[in-house]
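Quick notes on the structure that follows.
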Amino acid sequence: MRSRKDSPSHGGVWEDPAALKWRPSIHMPRWASRITLEVTDIRVEQLQNIKEEDALAEGIKTGRFGNKSNWRDGFYAPGDNQPCFSAKEAFKYLWQSIYSEESWNNNPWVWVIEFRRINND
Numbered sequence: 046m047r048s049r050k051d052s053p054s055h056g057g058v059w060e061d062p063a064a065l066k067w068r069p070s071i072h073m074p075r076w077a078s079r080i081t082l083e084v085t086d087i088r089v090e091q092l093q094n095i096k097e098e099d100a101l102a103e104g105i106k107t108g109r110f111g112n113k114s115n116w117r118d119g120f121y122a123p124g125d126n127q128p129c130f131s132a133k134e135a136f137k138y139l140w141q142s143i144y145s146e147e148s149w150n151n152n153p154w155v156w157v158i159e160f161r162r163i164n165n166d
């Protein structure tokens with residue numbers, strides 16, 4: 046079996062590529078998966094009710110900013126160098142950069158799906 050990720054343009058080598066039937070990755074058997082995820086929690090909540098720990102899980106980074114005499118902890122959206130004082134605030138800017146300020150202000154209900162990676166060893 047092969048997927049687009051295994052195509053020769055991605056470094057895969059096939060003895061007889063014509064003999065292989067294309068199959069989208071979502072339809073591959075479990076044994077062919079590169080990673081396996083176990084869903085540990087599913088819930089719905091309004092967007093602006095995101096918790097600090099959930100914002101960090103969404104990719105918000107931590108770091109320090111300031112000067113020699115006044116260092117502070119900061120939170121940063123991916124690709125942004127403007128510090129925020131909370132992970133939730135940084136997540137707000139990340140969300141608005143993707144979906145718009147209006148989308149954040151509408152405070153939609155969103156699915157929160159938590160998972161953990163299972164080793165396939």
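Just so you know, we're using our numbering here: the sequence shown kicks off at 46 and counts up by one. Ideal Cβ placement from N, Cα and C applies to all residues, glycine included. Quick caveat, the model's predicted, so the values are computed rather than measured.
Helix, strand or coil: how does DSSP classify residue i here?
i    : result
N150 : helix
I95  : coil
E134 : helix
R68  : coil
I163 : strand
Between which two residues does the beta strand (DSSP E) containing residue i stretch?
i   : result
E90 : 81-91
Check the DSSP bridge columns for residue i and list the partner residues they point to.
i    : result
N115 : N112
W140 : For W140, which the question treats as bridged, DSSP gives no partner whatsoever.
W156 : V89
Suppose the cutoff is 8 Å on Cβ atoms and the five residues either side in sequence are ignored; what does the same chain contact list for residue i look like?
i    : result
V84  : I158, E159, F160
E90  : W154, V155, V157
Y138 : A122, D125, Q127, C129
Kindly list the residues whose CB is nearer than 7 Å to the CB of residue i, restricted to its own chain and excluding five residues on each side of it in sequence; keep chain order.
i    : result
D118 : T107, R109
I95  : K133, F136
Please go through the same chain and pick out, in chain order, the residues whose beta-carbon is closer than 6 Å to the beta-carbon of residue i, but skip the five residues on each side of it.
i    : result
I163 : T81, E83
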